[in-house]
Amino acid sequence: MSSATLFRLLKVLRCVQVTLVFIAPQQALCWVITCQEAILHISNGGTEREYCIVHNHSWTPLATSLDDAKQYPLVTMTSTVLCNASEITPDVVKGKALVVMRGDCDFSQKALNAQNLGATTLLIASNKSLITPSANDSEYSKVQIPLALMRYRDFLEAQQVFGKEMQVRLYAPPHSKIDPSIAVILLISIVTVVLGGYWSGACESHSLTEHATAARVFVFFSMFSVSSSFSVRNCNISVRSLILAAVCITIAVIWGVYRNEERWIWILQDLLGIAFCLNFMKTISLSNFKICVILLSLLLVYDVFFVFITPFFTKNGVSIMVQVALGPDASGEKLPVVMRVPRFSAWAQNLCGMQFSILGYGDIIVPGLLVAYCSRFDVWINSSKKIYFVSCCIAYLLGMILTFAVMLLSGMGQPALLYLVPFTLITSAVVAGCRGEIKQFWSGTTYRHILNIY
């Protein structure tokens, strides 16, 4: 193996390492958060209240409207977790809804115990963040009563309002899978990829010009653990730079302070995310198409494995990427590594909090590195029509559209790289082949150095 080949291989591995550091701890997939949320209606004849609950369609389905929902008296047993049916006398809960505490055993065990005791509905009060109650496929069919999680603080509030006399009904209004937020996510992704690729090509054009200026300011938003701060390289400090720095730091600090304020903070998070993705695409330059193929293929396998394979190894059947992106149950914190846009058609916004469509940074950055390379190659061959850059951007757009289409049809999150990587790589290779430039396109910077010599 020659030293040049070894150097390129090490560069690929370094790119993989850097990329994984920034985009691995996230949900690298296109996902519309359709958490299986429902409504708990509580009344005592004169007073009525509604609270957010989370259920699972795989268990006994809920009614779709309040009128269709059956009403049951609620028995409070929050002193037990119902891991042992002998803790409760059957006569107390027979024909009634039952509320117990979360923990110590599986949801299915609690549900089967409640069902054997004669309860009609099981509510599980949780001190932790609500999750979709899951079980093995064989256990779903055994449970014939509705099961749902509710916040323990909501239950305490209901006790203060209603006392012990509570009548409950559970229902889950239908919601549309198609939401305008998908169009916004699509717009953010394509605009970021186009701008990042164009910026990379513009900088390459300046580097090939004799009178290229050395003054370049790099703004880094590093409130996301690493990026959302700024650095200035090869330039004199000016009043304009100081003002820009103050604005950037202010935005990052505001996000850090109000990061859990879901009503509006998603706007700042998306702005910071766009800045991070643009800077990443500008800073990390892949030198040839061969490295692009290796890097994108490795990340494609990585993405598919963690989305489709890891659910078989997790206890709740949810992929690791989904769990990491949505945040740990205990703290409620969510890693700022996704673009988030609220679902405008969500019906449970006021009760369950805002629902979001999200897109991982990796679904922008990884194909964006190839788009940036195509933009630089257009500069190297003096392509006035930017044929490689434009073709790769169109391929990215089509790949994103296909990703959303599959997601809506299947009703589950999709690893976007599964569609984006083949679309962009194949399109770029076809364009190079049709133009008779596949050798130059494959060699990349080697071809650029030859151009510089002549």
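Position 434 of the sequence shown, counting from 1, maps to 433 under numbering that gives the first Met the number 0, and the rest follow consecutively. From the three backbone atoms N, C-alpha and C, an ideal C-beta is built for every residue, glycine too.
- Taken through DSSP and simplified to helix, strand or coil, Cys82 comes out as coil.
- Sixteen is the threshold: since fewer than 16 other Cβ atoms of the shown chains lie within 10 Å of the Cβ of Cys433, the residue is exposed.
- Considered as a whole, the segment 61-132 harbours 89-92, 106-116 as its complete alpha helix (DSSP H) runs of no fewer than 4 residues, in chain order.
- When the beta-carbon positions are compared, Leu243 and Leu416 stay at least 8 Å from each other.
- The beta-carbon distance between Leu146 and His54, rounded to whole angstroms, is 6 Å. This is short enough to meet the 8 Å contact definition.
- Residue pairing by DSSP puts Ala147 in a beta bridge opposite His54, Leu122.
- Ile177 has its alpha-carbon roughly 22 Å from the corresponding atom of Pro60.
- When the Cα atoms are used, Leu419 and Ala371 turn out to be separated by approximately 15 Å.
- By the Cβ rule, the segment 374-384 does not count as touching the segment 358-366, because fewer than three pairs are nearer than 8 Å.
- Assignment of beta-bridge partners to Ile38 by DSSP yields Cys51, Tyr170.
- For Ile357, the enclosing beta strand (DSSP E) begins and ends at 355-359.
- In this chain, the beta strand (DSSP E) harbouring Met338 covers 337-341.
- Of the candidates Phe343, Met406, Phe388, the residue whose Cα lies closest to the Cα of Leu358 is Met406.
- In this chain, the alpha helix (DSSP H) harbouring Asp302 covers 288-303.
- Annotation for Lys176: no alpha helix (DSSP H) segment contains it, and DSSP assigns it neither H nor E.
- Cβ-Cβ distances below 6 Å link Lys95 to Tyr71, Pro72, Val74 in the same chain, with the five nearest sequence neighbours on each side left out; the list follows chain order.
- Ranked by Cα distance from Tyr387, the options Ala62, Gly196, Phe106 are led by Gly196.
- The C-beta separation of Ile123 from Val99 comes to about 6 Å, placing the pair in contact by the 8 Å criterion.
- The Cβ atoms of Leu116 and Pro132 lie no closer than 8 Å to each other.
- Under the Cβ criterion (8 Å, minimum of three pairs), the segment 254-274 does not count as touching the segment 389-405.
- If you check the CB distance, Leu81 and Lys109 come in under 8 Å.
- Arg258 sits close to Pro335, with the two beta carbons spaced by under 8 Å.
- For Leu295 and Leu97, the gap between their C-alpha atoms comes out near 51 Å.
- A contact is defined here as three or more CB-CB pairs under 8 Å, and the segment 151-170 meets this definition with respect to the segment 35-52.
- In this structure, DSSP gives Ser390 a helical state, which the three-state scheme calls helix.
- The three-state secondary structure of Arg152, taken from DSSP, is helix.
- Ala134 has its alpha-carbon roughly 13 Å from the corresponding atom of Phe312.
- For Val252 and Ile264, the gap between their C-alpha atoms comes out near 12 Å.
- Between the C-alpha atoms of Ile87 and Gly162 there is a straight-line separation of about 21 Å.
- Between Asp302 and Pro414, the gap from beta carbon to beta carbon is short of 8 Å.
- Comparing alpha-carbon positions, the option among Phe355, Trp441, Ser383 lying closest to Gln35 turns out to be Phe355.
- Between the C-alpha atoms of Leu194 and Ile52 there is a straight-line separation of about 42 Å.
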